[in-house]
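Going down the list, the protein sequences come from chains X and S.
Heads up: the first sequence begins at 1 in our numbering, then just goes up one per residue.
Heads up: the second sequence begins at 1001 in our numbering, then just goes up one per residue.
Quick reminder that beta carbons are idealized off the backbone N, C-alpha and C, glycines included.
All remarks here apply to the structure that follows.
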Amino acid sequence: MSFDLNFIGILIGAIMASSVPLILAASGELITERSGVLNLGVEGMMIIGAISGFALMVITDNLFLAVIGSMLSGLIISIIFGVLTQSLLTNHVATGLALTIFGIGMSAMIGKNFVGIPGKEFPLLFVNLKENVPFLGPILFGHSIILYFAFLLPFLTNYFLKKTKIGLIIRAVGDSPTSASNQGINVTLVRYSCILYGGAMCGLAGAYLSLIYTPQWIENMTGGRGWIALALVVFATWSPIKVLIGALIFGGITILQLHMQAVGLRIPVQLLSALPYIMTIIVLVVISRDSRKIKLNTPTSLGQIFYKEK
Amino acid sequence: MYKNFLRYIISVLFLLGVSGQANADFKVGFVYVGPTGDHGWTYQHDEGRKAVEAAGIKTTYVESVPEGADAERVIRQLAQSGHDLIFTTSFGYMDPTNKVAKDFPNVKFEHATGYKREHSNVSTYSARFYEGRTLLGHMAGKMTKTNVIGYIASFPIPEVIRGINAMTLAAQKVNPDIKTKIVWVFTWYDPGKESEAAQALIDQGADVIMQHTDSTAPVQVAEKAGVWSFGQASDMQRFAPKSILTSIIDDWAPYYVERSIAARDGTWKQQDTWHGLKEGMVAMAPYNSAMGSDLVKEVEQLQKDLASGKTHSFTGPIYDQKGNILVAEGSVADDGMLAGMNVYVKGVEGDIPQ
């Protein structure tokens, strides 16, 4: 492995690109969970976003519409989850699992006609700076607008939850829906909004895969990333910044283990393949040891059905 | 009375249905490891299936069947639902195929790329893809500037190792300085992972990329990075028009048609088929003129020699990584050795994952 700075820069750039879908989906799910709703349908909403984005790109030839459309479709499919869990009071876990299965099947069906069509080039920003600035160039420049948004999102989410009134309301609803409701907060409305937001972010995460990362439609192309995003939220103890750290570690070790193989390091390949999972859990557990903070961040009513007695 | 009559009618209809299936409706089933739209391995098998259909034989297929417990369920399901001949088209279906074959002695089974024929109703077939890999190695050795060839490998099975060895031997012949770098992704089909692997190899200095996985993602990465690549299983040229030098094409259609007709007419017999460039089961997509007309001519000649048997991909002397002799000077590797190949030849870096 050559260890010059520029190479490390390229490596970090690649790691950032691979963690984007995790950051987007996990940040969306984090808001949903903070309001007390456990939506296990992340994978399903992502894959629906992926096919919708790609299909719209092929049909309209407009990448902007494709990205917006993927968010809308993630949002629309999350409405199903919202109606079932918030209005019909079904079990969150079962409904979320059903949503994932539904999303995977549905996307495969829609996607039949879009298989094997090459994707369109997604515009990357500051490409000439990427090539001309050593080390920092490949890290900071030459990415898609969605990547920049993804890296801003955890900080925005953190600010939103901690410093704004709406953020406070969401946390209140997640911690004690009964008290919040007694204060005159419309718990169902807040939870609906958070579910829809989570859906839109998952849709965007899917579109990143089908439009930018591997620009084509392939059945089941999310490859379990939705589940990893879900796990990240829990292991990051519902802290947006730790979600970002976890996503980067996971993406980082995924890429690094491929490099270690290419270099020919004599480590069993199976162990290398398992490393991203093991390391992400270890690091997140270690950085989230403070039990007082965990209590502060954990939405106490997570996954519990709430209904207002009339 | 009325109820009994109904029962009678239903059982008669049922019996008619069963006997009808056995005689009139000859059906062939296919089990695929990826989606038919992968534009690689499964796509080519499905082209073969379409040829069978065009020959007037009814076919069905099940796609994206994981190699494992699911596979047995799907194969059993096909056997139960009146299919007379079933093609299982991935190495990992080997044990499930033989297991189901035991329970359905009247159904014929054809397993691709495997070696187990435990029951008289199981045949195996494969193509000598390694002949194509020899051509790829020749081109890679000539085209590389960095002398690093990147290889995306799926699973450590003889089929894949044979390809790595054949490619490396041919590349060494034209360029003794080349190094083969291998990344194992442990999947046949995961575009995200395949493209990450391709990018890692390119970042590690490889300027020629080849894959033993099925999606078009690696060639697209190569196209973007401006390095050379080779298509896998079908002609992937339109996904990377500048980068692809050629593709190894699997042409299953003639075999599928021949075997389906044999099964229908009752002349099907157990056999083990291993066809290559000579029979056309392995074919090469048009060569990219970017490699220069001299090299194209060279490769075309080599292709002819491989097809005629004048040249063999594994001609001695061949050494393993430790320098022990595998094939003596002047002789060629026999099919038994090729079928069970589980060591790297000299010049390949790293260990085979166990």
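Residue range 92-111 is occupied by the alpha helix (DSSP H) that includes X/MET106. Contacts with chain X (Cβ-Cβ distance below 8 Å) from the region 1220-1248 of chain S involve GLN1220, ARG1238, PHE1239, listed in chain order.
At the C-beta level, X/ILE228 and X/ARG34 stay beyond 8 Å of one another.
For S/TRP1184, there is no enclosing alpha helix (DSSP H); the residue is found in the beta strand (DSSP E) stretching over 1179-1184. Using a CB distance cut-off of 8 Å, X/PHE81 does not count as an interface residue toward chain S. Counting only residues of its own chain and dropping the five nearest sequence neighbours on each side, S/SER1313 has a CB closer than 6 Å to the CB of TYR1130, GLU1131, THR1134, ALA1166.
In this structure, S/TYR1093 sits near S/ALA1071, with a CB-CB distance shorter than 8 Å. Look at S/ALA1153 here: in three-state DSSP terms it is strand.
Counted as a single uninterrupted DSSP element, the beta strand (DSSP E) harbouring S/THR1088 occupies residues 1085-1088. Cβ-Cβ separation between X/VAL263 and S/GLN1204: approximately 7 Å, consistent with a contact (criterion under 8 Å). Just so you know, the alpha carbons of X/LEU230 and X/VAL115 end up roughly 28 Å apart.
According to DSSP, S/PHE1030 shares a beta bridge with S/TYR1061, S/PHE1087. Not one beta carbon of chain S lies nearer than 8 Å to the beta carbon of X/THR280. Scanning chain S for C-beta atoms nearer than 9 Å to the C-beta of X/ALA14 yields GLU1196, GLN1199, ALA1200, ASP1203, reported in chain order.
Taking a Cβ-Cβ threshold of 7 Å, the residues of chain S close to X/ILE255 are GLU1196, ALA1200, in chain order. Identification of residues in the region 204-229 of chain X having a C-beta nearer than 9 Å to some C-beta of chain S yields LEU209, TYR213, THR214, PRO215, GLN216, TRP217, ILE218, GLU219, ASN220, MET221, THR222, GLY223, ARG225, given in sequence order. In the DSSP annotation of this structure, S/ALA1054 is not part of any beta strand (DSSP E); the continuous alpha helix (DSSP H) holding it starts and ends at 1041-1054.
Closest option to S/GLY1340, judged by alpha-carbon separation, among S/GLY1114, S/VAL1227, S/VAL1208, S/TRP1268: S/GLY1114. A direct Cα-to-Cα measurement between S/LYS1099 and S/THR1246 gives close to 38 Å. Unbroken alpha helix (DSSP H) runs of no fewer than 4 residues, entirely contained in the region 229-304 of chain X, are found at 240-263, 269-287, 291-297, following chain order.
Interface residue (Cβ-Cβ distance to chain X less than 8 Å): S/GLU1349 is classified as such. Here DSSP, grouped into helix, strand and coil, assigns S/TYR1287 to coil. Secondary structure of X/PHE114 (DSSP, three-state): helix. Under the DSSP assignment, S/THR1124 falls in the beta strand (DSSP E) whose first and last residues are 1122-1127. Distances from the alpha-carbon of X/GLY103 to those of X/ASN220, X/PRO276, X/SER179, X/LEU22 put X/ASN220 closest. Secondary structure at X/LEU88: coil, using DSSP grouped into helix, strand and coil. Excluding five sequence positions before and after X/GLY198, the CB atoms of its chain that fall closer than 7 Å to its own CB belong to GLY28, GLU29, ILE31, THR32, ASN39, SER78, given in chain order. Beta-bridge partners of S/GLN1211 (DSSP): S/ILE1152.
Around the CB of S/ILE1152, 16 or more other CB atoms lie within 10 Å, so the residue is classed as buried.
CA-CA distance, S/PHE1030 to S/THR1088, rounds to 6 Å. In summary, X/ALA200 is buried, with 16 or more beta-carbon neighbours lying within 10 Å of its beta-carbon over all protein chains present.
Going by DSSP, S/LYS1108 is part of the beta strand (DSSP E) stretching over 1108-1112.
One Cα belongs to S/MET1143, the other to S/GLU1194, and the distance between them is close to 22 Å. In summary, S/LYS1297 is exposed, with fewer than 16 beta-carbon neighbours lying within 10 Å of its beta-carbon over all protein chains present. Between S/PRO1191 and X/ILE218, the gap from beta carbon to beta carbon is short of 8 Å.
Check the Cα spacing between S/GLU1196 and each of X/LEU84, X/ALA17, X/LEU5: the tightest is with X/ALA17.
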